[in-house]
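Listed below in structure tokens is the structure:
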């Protein structure tokens, strides 16, 4: 399985990511998920989220999760994951996940599992930056 | 033996610092270190059940035997995405 991981501090280039998948003769499904920062966190309006990561451990844990995808869904051909760090404004993308596989079922399942597992084990935290009061 | 402890996210505020060093008797386990951390920083008692602990880049439990030079990380539940 091809795998690509990026932890980045600059805005995601969504157009480039969207066009960046590499097909094979067996590819039948390309699932691309974009997570964006909501304007509310808990009870209050926010301006942005600030993401912090223990980067070496985050990279290590992501690689273990990619191993988990490979083991659970051996037909998945490729996984690409990009996570923003630092300050991400409301409406901007904080997460990009792409799964390429022969059929849609394993692509949806693998993507859902990967994001759920990330939220359990990958050491990334966020802090809400409140919107200024008007 | 010397073990460094690093705090992440809002645990830095609980500890009042990002990193510190503990001098431990050889052969002590991670649980023994955590007890010492709570001794130095009583606020960690309140987050005892939600504290995640790694040695190096791997999660470890209280029984894990520490070695000289280990770097232990303490952090709250993760929130990626």
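Chains as they are written, first to last, in the working numbering: chain A, 31 to 164; chain B, 46 to 126. Glycine included, every Cβ here is placed at the ideal spot set by N, Cα and C.
ask   = When the distance is taken between beta carbons, is residue 137 of chain A closer than 8 Å to residue 59 of chain A?
value = As a first step, residue 59 of chain A must be located in the first chain, where it is residue number 29. As a first step, residue 137 of chain A must be located in the first chain, where it is residue number 107. The Cβ-Cβ distance between residue 59 of chain A and residue 137 of chain A falls below 8 Å.
task = Please decide whether residue 73 of chain B counts as near chain A, where near means a Cβ-Cβ distance under 8 Å.
result = For this step, residue 73 of chain B is matched to residue 28 along the second chain. No, no contact with chain A.
request  = Please confirm whether residue 125 of chain A and residue 113 of chain A have their CB atoms less than 8 Å apart.
outcome  = Your numbering for residue 125 of chain A matches position 95 in the first chain. Your numbering for residue 113 of chain A matches position 83 in the first chain. Against a cut-off of 8 Å, the Cβ pair of residue 113 of chain A and residue 125 of chain A comes out as a contact.
ask   = DSSP three-state call for residue 67 of chain B: helix, strand or coil?
value = Taking the second chain and counting its residues from 1, the one referred to as residue 67 of chain B is at position 22. In the structure shown, residue 67 of chain B sits in a strand (DSSP, three-state: E or B).
task = Provide the residue span of the beta strand (DSSP E) that contains residue 55 of chain A, from first to last.
result = Counting from one through the first chain, the residue named residue 55 of chain A turns up at place 25. Residue 55 of chain A -> no beta strand (DSSP E), and no H or E assigned at all.
ask   = Three-state secondary structure (DSSP) at residue 136 of chain A?
value = Taking the first chain and counting its residues from 1, the one referred to as residue 136 of chain A is at position 106. Helix.
N- and C-terminal bounds of the alpha helix (DSSP H) containing residue 86 of chain A = For the purposes of this step, residue 86 of chain A is taken as residue 56 along the first chain, with counting starting at 1. That run of the alpha helix (DSSP H) goes 85-102.
message = With a threshold of 6 Å on Cβ separation, who are the neighbours of residue 132 of chain A within its own chain once the five nearest residues in sequence on each side are excluded?
response = Locating residue 132 of chain A in the first chain gives position 102, where the first residue counts as 1. Excluding sequence neighbours, residue 132 of chain A sits near 56, 58 and 105.
request  = Can you tell me which of the three DSSP states residue 90 of chain B falls into?
outcome  = Walking along the second chain from the start, residue 90 of chain B turns up at place 45. The answer is helix: DSSP assigns residue 90 of chain B an H, G or I state.
inquiry  = Rounded to the nearest angstrom, what separates residue 84 of chain A and residue 111 of chain A at their Cα positions?
reply    = Walking along the first chain from the start, residue 84 of chain A turns up at place 54. Walking along the first chain from the start, residue 111 of chain A turns up at place 81. About 17 Å.
query = Relative to the ligand SAH, is the shortest distance from any of its heavy atoms to the C-beta of residue 87 of chain B smaller than 7 Å?
reply = This structure simply doesn't include the ligand SAH, nor any ligand for that matter.
key: Test: residue 120 of chain B CB closer than 8 Å to a CB of chain A   = One-based indexing of the second chain puts residue 120 of chain B at position 75. Flagged as an interface residue toward chain A: residue 120 of chain B, by a C-beta distance shorter than 8 Å.
message = Looking at residue 127 of chain A: is its Cβ nearer than 8 Å to the Cβ of residue 141 of chain A?
response = As a working note, residue 127 of chain A is residue 97 in the first chain. As a working note, residue 141 of chain A is residue 111 in the first chain. Contact flag set, yes.
Test: residue 54 of chain B CB closer than 8 Å to a CB of chain A = Translated into the one-based positions of the second chain, residue 54 of chain B becomes position 9. Cβ-Cβ to chain A under 8 Å: yes for residue 54 of chain B.
ask   = Using 8 Å as the Cβ pair cut-off and three pairs as the minimum, do the region 109-117 of chain B and the region 86-97 of chain B touch?
value = Segment contact: the region 109-117 of chain B against the region 86-97 of chain B, fewer than three CB-CB distances shorter than 8 Å; contact not assigned.
query = Leaving out five residues before and five after residue 122 of chain B in sequence, what residues of the same chain have Cβ atoms less than 8 Å from its Cβ?
reply = As a position in the second chain, residue 122 of chain B is number 77, starting the count at 1. Answer for residue 122 of chain B: 95 and 97, listed in chain order.
request  = Please confirm if residue 82 of chain A has its CB atom under 8 Å from at least one CB of chain B.
outcome  = Here the question's residue 82 of chain A lines up with position 52 in the first chain. Closer than 8 Å: yes.
key: Proximal residues of chain A, C-beta to C-beta of residue 125 of chain B below 7 Å   = Within the second chain, numbered from 1, the residue matching residue 125 of chain B stands at position 80. Under the 7 Å cutoff, chain A gives 113, 148, 149, 152 and 154.
request  = Using the Cα positions of residue 61 of chain B and residue 53 of chain B, report the straight-line distance between them to the nearest angstrom.
outcome  = Reading the second chain from its first residue, position 16 is the one you call residue 61 of chain B. Reading the second chain from its first residue, position 8 is the one you call residue 53 of chain B. Going from the Cα of residue 61 of chain B to the Cα of residue 53 of chain B covers about 11 Å.
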